[in-house]
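Structure, as structure tokens:
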């Protein structure tokens, strides 16, 4: 099941819309973030998995794929953590 959540990214002083798409499927335990994330967004993996376990969402033996679109915009900062966690909880 795929869940979409809208979020806002920042490029300088201008904002742009980011669609956070999360898909959880059976498989090897992992979380992958795609869509041109920088290092701080890739670190979101640990924070989101900790939030999911805190809320009782068991993601062991599941593969979580997070797609941040539009793919041509560089995503930076921890702005997307809450949207990723909400989408994962909804799925």
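In the working numbering, the protein residues as written are 20 to 110. Yeah, the Cβ is synthetic: ideal placement off N, Cα and C, and Gly gets one too.
Check your understanding: Buried or exposed: where does residue 50 fall if 16 or more other Cβ atoms within 10 Å of its Cβ makes it buried?
Key -> In the chain shown, the residue the question calls residue 50 occupies position 31. Answer is buried; the Cβ neighbour count reaches 16.
Check your understanding: Between residue 36 and chain C, is there a C-beta pair that is closer than 8 Å?
Key -> Within the model displayed, chain C is absent; a lone protein chain is all it includes.
Exercise for review: Grab the span of the alpha helix (DSSP H) containing residue 67 for me, first residue to last.
Suggested key: As a working mapping, residue 67 is identified with position 48 in the chain shown. That run of the alpha helix (DSSP H) goes 63 to 73.
**Study point:** Where residue 72 falls, given that 16 or more other Cβ within 10 Å makes a residue buried
**Key:** Looking up residue 72 in the chain shown gives position 53. Per the 10 Å Cβ criterion, exposed.
Review point. Between which two residues does the beta strand (DSSP E) harbouring residue 82 extend?
Key: By one-based count along the chain shown, residue 82 stands at place 63. That run of the beta strand (DSSP E) goes 81 to 88.
Review point. Once you ignore the five residues that flank residue 78 on each side, which residues in its own chain have a CB closer than 8 Å to its CB?
Key: Against the chain shown, residue 78 aligns to sequence position 59. Only 43, 48, 50, 68, 71, 72 and 107 meet the Cβ criterion.
**Study point:** Beta-ladder partner(s) of residue 30, from DSSP
**Key:** Taking the first residue of the chain shown as position 1, residue 30 is located at position 11. According to DSSP, which records beta bridges pairwise, residue 30 is partnered with 33.
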